[in-house]
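Structure first, commentary second.
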Amino acid sequence: MRFMIIRRADEETEAGAQPSEELFEAMSRYNEELLKAGALLDGAGLTPSSLGAAVEWRGGAGPTVVDGPFAEGKELVAGYTMIQADSLQDAIELVKRWPTLDGHGNVELEIRRVGELEDYDISDELKEKERQLRADSEQNRKV
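Heads up: the sequence shown at position 100 corresponds to 100 in UniProt numbering, and the numbers run straight through without jumps.
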């Protein structure tokens, strides 16, 4: 199963504060642990919401573009990590090793299982089309 670890934004991340070298090293060690365990799939930090935009559709109209920053800071995302684990409990155990330097020991992480094609009640034909689309999209990935 795939899981997304969502790192909530805080005042520092929204201000665009760069992580200290010490924190960057700690996160690198954590990611290396995940990689060696066969769990790490992807991950990245995000720029502040002030550098982003939201696209909204309301009442069938739209789209409307709203430039950042966004007011609901508590709901903003500062980064993500994609992992694979056998269960939510296994994912939780991996996340418990998150570096305590992050957020100066005050960080909120959310763990969400990624929906797989088998989770959806759709035709085999549509599942196969989606599998092919996902395989083809791998060509777009650039590191």
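The C-beta atom is built at its ideal place from N, Cα and C for all residues, glycine as well.
TODO: Quick one: measure Cβ to Cβ for A39 and Q84, integer angstroms, because I've assumed they're closer than 8 Å.
DONE: About 6 Å; that satisfies the 8 Å criterion.
Task: Within the segment 88-138, ranges of the alpha helix (DSSP H) (whole runs, at least 4 residues) - done: Within the segment 88-138, the complete alpha helix (DSSP H) runs of at least 4 residues are 88-95 and 124-137.
Task: A71 to D10 span [Cα, whole Å] - done: Near 12 Å, if we compare the C-alpha coordinates of D10 and A71.
Task: Whole-angstrom distance between T81 and Q18, CA atom to CA atom - done: One Cα belongs to Q18, the other to T81, and the distance between them is close to 18 Å.
Open item on the list: List, from N- to C-terminal side, the beta strand (DSSP E) runs of 3 residues or more that fit wholly inside the segment 17-62.
Closed with: Within the segment 17-62, the runs of beta strand (DSSP E) that reach at least 3 residues and sit entirely inside it are, in chain order, 40-45 and 53-58.
- [ ] Check whether the segment 22-32 touches the segment 95-112, taking contact to mean three or more Cβ pairs, one atom from each stretch, closer than 8 Å.
- [x] Because the criterion of three Cβ pairs below 8 Å is met, the segment 22-32 and the segment 95-112 touch.
Task: For R2, the residue or residues it bridges with in DSSP - done: Bridge pairing for R2: Q84 [DSSP].
Task: Proximity below 9 Å, CB of R8 to CB of E75 - done: For R8 and E75, yes; Cβs fall inside 9 Å.
Task: Rounded Cβ spacing between P69 and S87 (contact assumed at less than 8 Å) - done: The pair is not a contact, with the Cβ atoms about 37 Å apart (cut-off 8 Å).
Task: Best match in P63, L35, E125 and G115 for proximity to M4 [C-alpha to C-alpha] - done: Answer by Cα proximity: G115.
TODO: In angstroms with no decimal places, state the Cα-to-Cα distance between E130 and R112.
DONE: Between the C-alpha atoms of E130 and R112 there is a straight-line separation of about 21 Å.
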